[in-house]
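Quick notes on the structure that follows.
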Amino acid sequence: MASFDIDGDLVRKLADLLRETGLSEIEFAEGEKRIRVTRPTAAQAVAVHAPVAAPAPATAPAAPAGKPVSHPGAVTSPMVGTAYAAAEPGGTPFVRVGDTVKAGQTVLIIEAMKVMNPIKAPRGGTVVEVLVSDSQPVEFGEVLMIIE
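To convert, note that position 95 of the sequence shown is 95 in UniProt numbering; the numbers rise steadily by one, no gaps.
Printed below as a string of structure tokens:
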């Protein structure tokens, strides 16, 4: 396994970003170097992982089997953050499976760096699948729901 010098300032900045955003982990990659910092739970400490010996193959963002990111009705996350189904905790969800939506209608909110970002339906149609639960962390490009 190849080794590299760990940038302590970068690790501290990533850890601060975790605290600010409420995310549970963050990964930084530059070339073949990767640093992942996870926020501790009661039973674990912050972990920094060294890079793997071979570079990771280029892959598409995570998508459920049979539901590719290229699906014309796929609503994907434009950022890393936490997805919320409703405007407030315990509130009525923006959409449910079976609901008819219009293009541009808010279907979720993603909180990133303490900013609430409305996620709009890319097209009108019927919500056939919601692939994230309320308060779930999401990655950039992750399929959030399918509208047909």
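The beta carbon of each residue, even a glycine, is placed where N, CA and C say it ideally should be.
For residue i, which residues in the same chain have their Cβ closer than 8 Å to its Cβ, ignoring the five residues on either side in sequence?
i	result
Leu14	Ile26, Phe28, Ile35 and Val37
Glu20	Met113 and Lys114
Val130	Ala85, Val95, Arg96, Val97, Leu144 and Met145
Arg123	Pro72, Gly73, Ala103 and Ile147
Hey, residue i and residue j: beta-carbon distance below 7 Å or not?
i	j	result
Leu144	Val128	no
Val75	Phe94	no
Asp134	Ala103	no
Val101	Ala121	yes
Compare the C-alpha of residue i against each of the options and name the closest.
i	options	result
Gly98	Gln105, Glu32, Ile146 and Asp7	Ile146
Leu17	Gly81, Asn117, Lys120 and Gly73	Gly81
Met116	Ala83, Glu30 and Gly31	Ala83
Ser77	Gly141, Arg123 and Gly91	Gly141
Within the same chain, show all residues whose beta-carbon is closer than 7 Å to that of residue i, passing over the 5 residues directly before and after it, in chain order.
i	result
Glu148	Gly73, Gly125, Thr126 and Val128
His71	Ile146
Pro118	Thr106 and Ile109
Would you kindly report the start and end of the unbroken beta strand (DSSP E) that includes residue i?
i	result
Glu129	Gly125 to Val130
Cβ-heavy atom distance between residue i and the ligand SAM below 6 Å?
i	result
Ala103	Judged by which ligands are present, the structure shown has none, so any question about the ligand SAM falls away.
Within the 7 Å Cβ cut-off, does residue i reach chain D?
i	result
Thr126	Structure shown: chain D not included; a single protein chain is present.
Note down, in chain order, each residue of its chain lying with its Cβ closer than 6 Å to the Cβ of residue i, except the 5 sequence neighbours on either side.
i	result
Glu111	Gly81 and Thr82
Residue range of the alpha helix (DSSP H) that residue i falls in?
i	result
Leu14	Gly8 to Thr21
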